[in-house]
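Protein chains in written order, with the numbering used here: chain A, -14 to 283; chain B, 4 to 321; chain C, 275 to 587. Beta carbons: idealized from backbone N, C-alpha and C, even for Gly. Predicted model, so just to flag it, every value in this text is computed and none were measured. Read the structure below first, then the notes.
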Amino acid sequence: MTTTSSRPVGEVLGIPPASHRLRDRSFVLLLAVLTSVALIVLAVLLIDTGIDGIPQLSLSFLTSFPSAFPAKAGIESAITGTLWLMGVVTFVIVPLGVASALYLEEFADGTRWWNRIIEVNIQNLAAVPSIVYGILGLAYIVRGPLSLGRTVLAGGLTLALVVLPVVIITGREALRAVPPSIKEGALALGATRWQAIWRQILPASIPGIATGVILSISRAIGETAPLILVGAATFVAFNPTGLDSPFTALPLQIFSWISQPNDQFRMLAAAAIIVLLVILVILNAVAIRLRNRYQQRW
Amino acid sequence: MATTSATSGAGGPNAESVFGPPRRRIGEKAITVVLFCAAATSVVITIGIVVSLAGETLTFFTDQAVTVSGFLTGGQWTPLFSDPQFGIRPLVQGTLIISGIALIVAIPLGIGTAAFLSEYASPRVRKAVKPTLELLAGVPTVVFGYFALTYFTPTVLNGLLGLDVAVFNGLAGGVIVGILIVPTIASVAEDAMSAVPQSLREGAYGLGASRRQVTVRVVVPAALSGITAGIVLGASRAVGETMVVLIAAGQVPTTSLNPRNPMETMTAFIGATGKGDVPTGSTGYKAIFAVGFALFLMTLILNTISIRFVRRYRQVYE
Amino acid sequence: MQKRLLIAVAAGALAVGVTACGSSSSSGTGTTSGSVAVDGSSTVFPFAQASAEGFQGENPDAKVTVGESGTGGGFEKFCAGEIDIADASRPIDPADEVPVCKKNKVEYAQIEVANDGISIVTNPALKITCLTTDQLNQLWKKGSTVSDYDQLGGGTPAGKVSLYGPGTDSGTFDFFTETINGEKGNTRTDYQPSEDDNVLVQGVEGDTTALGYFGYSYYESNADKLNLVGVDGGSGCVKPSVATIQDGSYKPLSRTLYMYVNTASLADKPQVKSFIDYVVANAQASAKTAQVVPLTAAQLTTAKSELSKAEGS
Chain A
-14 MTTTSSRPVG EVLGIPPASH RLRDRSFVLL LAVLTSVALI VLAVLLIDTG IDGIPQLSLS
46 FLTSFPSAFP AKAGIESAIT GTLWLMGVVT FVIVPLGVAS ALYLEEFADG TRWWNRIIEV
106 NIQNLAAVPS IVYGILGLAY IVRGPLSLGR TVLAGGLTLA LVVLPVVIIT GREALRAVPP
166 SIKEGALALG ATRWQAIWRQ ILPASIPGIA TGVILSISRA IGETAPLILV GAATFVAFNP
226 TGLDSPFTAL PLQIFSWISQ PNDQFRMLAA AAIIVLLVIL VILNAVAIRL RNRYQQRW
Chain B
4 MATTSATSGA GGPNAESVFG PPRRRIGEKA ITVVLFCAAA TSVVITIGIV VSLAGETLTF
64 FTDQAVTVSG FLTGGQWTPL FSDPQFGIRP LVQGTLIISG IALIVAIPLG IGTAAFLSEY
124 ASPRVRKAVK PTLELLAGVP TVVFGYFALT YFTPTVLNGL LGLDVAVFNG LAGGVIVGIL
184 IVPTIASVAE DAMSAVPQSL REGAYGLGAS RRQVTVRVVV PAALSGITAG IVLGASRAVG
244 ETMVVLIAAG QVPTTSLNPR NPMETMTAFI GATGKGDVPT GSTGYKAIFA VGFALFLMTL
304 ILNTISIRFV RRYRQVYE
Chain C
275 MQKRLLIAVA AGALAVGVTA CGSSSSSGTG TTSGSVAVDG SSTVFPFAQA SAEGFQGENP
335 DAKVTVGESG TGGGFEKFCA GEIDIADASR PIDPADEVPV CKKNKVEYAQ IEVANDGISI
395 VTNPALKITC LTTDQLNQLW KKGSTVSDYD QLGGGTPAGK VSLYGPGTDS GTFDFFTETI
455 NGEKGNTRTD YQPSEDDNVL VQGVEGDTTA LGYFGYSYYE SNADKLNLVG VDGGSGCVKP
515 SVATIQDGSY KPLSRTLYMY VNTASLADKP QVKSFIDYVV ANAQASAKTA QVVPLTAAQL
575 TTAKSELSKA EGS
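Rendered as C-alpha cells:
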C-alpha cells in the first residue's frame, strides 16, 4: 500500500465496515420498533373499543337522540353539535393563528423584549389545562363582556382558545423551516415582501401549518371539561339551529354514558367513540390532502 | 418585472421603478396592519388569560386560611376537607413525576417515529402512518383514562410486567399520558426533519456517511429547533393533561415518590373540583385558580429555559 | 387560502345538511314550545333525562336540555338566572348559595322528585355483613387510625383497611361525611377518591380488602361483583333496597333528590310550568326508567302540593 494512512480500502471507498453495518441495521430496527409502539397501542385501543362498540352501530343509532333507554338512544344531536363546534373552531384558528404566526415570524422584530415575552407567553398557554379555559370561557364568553350565553358559538370560541397556541407555535415553526434562500431569491427578483410571503413562503409552510391545524382539531374534538363548564348539556334532543343554539357534543355523550352504572350505556359509549374517530378522520383528511400536495423537499 | 420604464428623470431609477406603484405599497401596508391586528388579538387574549388567573389567585390569598408561604411549602393538600390545608407541594410533585414519566416514554418514541418516517420510510408508508398517528391524538382523553385503569394497570403493569402496582397509580398515568403526546412530538419533529434541505444530506453522503450517520449527525441537529418545539409542545400537553391522570392516577395528594402508588397532579385537582359540587365562591373553588396560576408559572420557567436553549443551539443553514 | 375557505364552507354545509335531514323524534300532539334549561347533579341526571324525554315525546316542539355540571355547578348557574331548573342531590347551601340567589333576585321552589341511598360495599372476599353507624364513624372519621377491620370490634373479620369513596367535590361525599361523621368534609384523608362511581366500583372489585361507599344504583348494576354491607342506624341491621330506602328504614344513609324551580320562569314561561307539572305527575314512572328510587305515595302528595303552592303564588 502506498497510501500515507493505514485506513482499510473499504473505508476509503465509502463502504462502511461490518461493525458499522450492524449498527446501521440495528438502528433501522430500533426506529421501526419505536414507531410501532404507538401504532400498537392505537390498535389495541381500537380493537378493545370496537369489540364493544361496533355491534351497536346502526343507522338508527346515528339518527336518534339521547334517551334514558339504551335501546333507543342515539347520537345525532351529538354529531351535529360536534360538527358545528369544529366549524367554529376552524374558522377562528386558521385565520387568526396563521396571521399571528406570520406577523410574529416575518414582521415582528425578534430581538425586542416584548416580542420575546409574547413568544414565551403563547408557548406557555399550550400547557394551561383545558378546564381553566372552560372557567375563563364561562366568565368572559358566556357571561361577562361577550355574554353569548350557553350557545354553540360560545363553546366553539372556548375550544378555539384552547388550541390557538398550538396553531401559532406550529405555524411559526413551519415558517421558520422554509430556507431563507427562497425568500431572498424572491426578493432579489423584485417581489415585494408580501408577494414573497404569499407566493413562496406561505405555500412552502402549508404542510407544517396543516399539521398544526390537524393536531388542534384532534385535540378540540375530544375535549369535554371546558364544554361542561360553558354550559353544554348532556341531554339535547334536537340539532343545533344556529350559532346561538344550545348544544351537546360527542365527547360529552361519551363521558356521560361511560359514567352510567348501566353496562349497556357503556357499550353505546364505545360505539360513539368509533363515530368520533371516523369524524376526526374525515375532518383531518382535508388538511392531510393539503399537506401532501404542498409537501416538498428542498 | 418591468422596471425600465421611467416616467421622469434622466433615465435613472425613481421611487416608482424601485418600489412599484403607490397603490401596491398601500396594499402592503394594509396587509401588515391586518396581520398585526390578528397577532394583537392573540396577544390580548393571552394577556387577558394571565390577568384573570392572577386576579383570582389574589382573591384566594386574601382568605384568612391561606398564606403564600404555607401554600408554597406546605406538604399537605386537603382544601376541601374540614380544617383545610393548602400546601401545594404534593400536587407539584405529582405533576412533575407523571410528566417526567410521560416524557421519558414519549421523547424516544416520538423522535424515533419521526426519524423513521422522515428518513427511512417510503412516501407511501409515511402518508399512511402519519395520519394514523394523528388519529391517536384525537382519542378523547376520557377513553385513555379508562383504558389505563381497566386494561393497562391490571393486564400490562400487574399481569405482564408483574410490577404489583395499586389500582390507581402514577406509573400508569405517566405512561399513558406519554403515549398520548407521542403524535404531537412525532408530527412536529417529522415536519422539521423533512424540511431539512436535501443538500445537507447529499453532502454527508458524498463524504461517505451511512444513512444512520446522516440521520443522527446531520438531520437531527439541523431540525433541532423544530424537534424541540415538538417536545415542548408535547411536554406542555402532558403537564396540562387532566382526564387521564384523574381516572388512572387517582386523587390522593401525596409526597411519596413511588409511582406505584396513587398520586394527584395539579390538573387532577383542578379537574375534579371544577366539575364538581363545590360552591363557586368558596375558598376551595378559588384554590383552582391558585393552582392553575402556579402551573402557569411552572411551565413559564420551563418554557423560558427551553427557548433560550433552542436559540443557542439552533443552526441556521445557508 | 381560498381552498381553506372552501373547505370550511363545505364543512359548514355538511353540518347544516345533516341537521336538515335529521329524523324527527316523535309524534306527540302537545303544542307547548320553547326552551327549558335544566342542569345540576349527575345523580339526578338520569331522572331528569327520563322526564325530559317523556315530556318531549308528548310535546315535540319543546326544547328541553339537561346538563350534568354537578349540584354546585347547577346552583351556580341557577342563582345567576341562566337556567330554569336546578337538579340537586342536597338542599341548597344556606351559607354559600342562598345569598347568591338573593343577590340576583332569583326566587325558587324546592320540589322533591326521587330518593337515593348510599350503599356500603366490600370486595366479595371481605365478608362483612353489617356495620353500625358508630363503627363507620370510627373507620372514616378524620384522623382515624384504624388500620385493620377487626379493630372495629363486633366480630368484623380481619383485613388491611383499604378504602374507596367519592371525591371531595361530590354531593355523595358531603352527605356521607355530614351524616356519619357529623360535619361536611370530616373524613380521614388516606382513602382512594374518585369522582366517577364506576371507577370506584373497579377499585373495590380489584382489591381484596377494599371497602367503599357510593350511590345505590351503582351497587345495583354490579350486585354480582360486590358484597353489600347492611347498616345499623340504631334499630337493627338494614340493607339498602328500593323498599328500605323509600320507607326510611335504611337510615341514616337515605336522602332525597330535589329539583329547584325558578319561580319567575314558572310564571313567565308556560313551557317550564308544563314541564315541571309533567315531572311531578310522572315522577314515579320516570324514576323506574332511570333506575332511581322513586318517591313514596306520601312524598308524591307533598311534591304536588309544593308545586301548586309555587304556581299559585
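Test: residue i CB closer than 8 Å to a CB of chain A
i, result
"Thr339 (chain C)", "yes"
"Gln602 (chain C)", "Residue 602 (chain C) falls outside the range modelled here, since chain C spans only 275 to 587, and no answer is possible."
"Leu138 (chain B)", "yes"
"Ser495 (chain C)", "yes"
"Gln254 (chain B)", "no"
"Thr403 (chain C)", "no"
Span of the alpha helix (DSSP H) around residue i
i, result
"Phe147 (chain B)", "144 to 150"
"Gly391 (chain C)", "Not the alpha helix (DSSP H): Gly391 (chain C) falls in the beta strand (DSSP E), residues 382 to 396."
"Ser468 (chain C)", "Unbroken run through Ser468 (chain C) is the beta strand (DSSP E), 466 to 468; no alpha helix (DSSP H)."
Local Cβ density within 10 Å of residue i, reported as buried at 16 or more and exposed below that
i, result
"Phe312 (chain B)", "exposed"
"Glu158 (chain A)", "buried"
"Asp361 (chain C)", "buried"
"Pro334 (chain C)", "buried"
"Thr70 (chain B)", "exposed"
"Thr451 (chain C)", "buried"
"Arg529 (chain C)", "buried"
"Gly82 (chain A)", "buried"
"Val263 (chain A)", "exposed"
"Glu169 (chain A)", "exposed"
"Asn378 (chain C)", "exposed"
"Gly232 (chain C)", "In this structure chain C extends from 275 to 587, so residue 232 (chain C) is not present and cannot be described."
"Phe54 (chain A)", "exposed"
Spatial distance of residue i from residue j (CA atoms)
i, j, result
"Thr480 (chain C)", "Thr158 (chain B)", "Per the sequence shown, the amino acid found at residue 480 (chain C) is Gly instead of Thr. C-alpha separation (whole angstroms): 12 Å."
"Gly296 (chain C)", "Ala57 (chain B)", "Reliability fails at Gly296 (chain C), whose pLDDT of 39 lies under 50, so the model's placement of it is uncertain and the value that follows must be treated cautiously. Distance between the alpha carbons of Gly296 (chain C) and Ala57 (chain B) is about 45 Å."
"Ile100 (chain B)", "Gly156 (chain A)", "30 Å"
"Asp66 (chain B)", "Thr286 (chain B)", "7 Å"
"Gln545 (chain C)", "Phe329 (chain C)", "10 Å"
"Glu469 (chain C)", "Gly439 (chain C)", "8 Å"
"Leu83 (chain B)", "Ser11 (chain A)", "54 Å"
"Leu131 (chain A)", "Lys376 (chain C)", "25 Å"
"Val221 (chain B)", "Leu203 (chain B)", "7 Å"
"Val553 (chain C)", "Phe89 (chain B)", "43 Å"
"Gly122 (chain A)", "Ile213 (chain A)", "11 Å"
"Ala333 (chain A)", "Gln41 (chain A)", "What the structure shows of chain A is the stretch from -14 to 283, and residue 333 (chain A) is not part of that stretch, so it cannot be assessed."
Min CB distance residue i to chain C below 8 Å
i, result
"Phe12 (chain A)", "no"
"Asp248 (chain A)", "yes"
"Thr153 (chain B)", "yes"
"Ile250 (chain B)", "yes"
"Thr219 (chain A)", "yes"
"Pro55 (chain A)", "no"
"Pro231 (chain A)", "yes"
"Ser121 (chain B)", "no"
"Ile213 (chain A)", "yes"
Start-to-end residues for the beta strand (DSSP E) that takes in residue i
i, result
"Val312 (chain C)", "308 to 314"
"Ser43 (chain A)", "That residue, Ser43 (chain A), is in no beta strand (DSSP E); it is neither H nor E in DSSP."
"Ala360 (chain C)", "359 to 362"
"Ser528 (chain C)", "528 to 536"
Short CB-CB distance (under 8 Å) between residue i and chain B
i, result
"Ala222 (chain A)", "no"
"Ala179 (chain A)", "A quick correction: the sequence has Trp, not Ala, at residue 179 (chain A). Yes, contact with chain B."
"Glu61 (chain A)", "no"
"Leu228 (chain A)", "no"
Residue i beta carbon near the ligand SAH (any heavy atom closer than 7 Å)
i, result
"Ile32 (chain A)", "The ligand SAH is absent from the structure shown, which contains no ligand whatsoever."
message: Between the stretch 107 to 124 of chain A and the stretch 291 to 306 of chain B, can you find at least three pairs of beta-carbon atoms closer than 8 Å?
response: yes
task: Would you check if there are 3 or more beta carbon pairs closer than 8 Å linking the stretch 378 to 392 of chain C to the stretch 559 to 574 of chain C?
output: yes
task: Indicate whether the contact test is met: 3 or more Cβ pairs, each with one atom in the stretch 242 to 250 of chain A and one in the stretch 488 to 498 of chain C, closer than 8 Å.
output: yes
query: Is the stretch 107 to 115 of chain B close to the stretch 193 to 213 of chain A, with three or more CB pairs under 8 Å?
result: no
query: Would you call the stretch 363 to 371 of chain C and the stretch 416 to 428 of chain C touching, i.e. three or more CB-CB distances under 8 Å?
result: no
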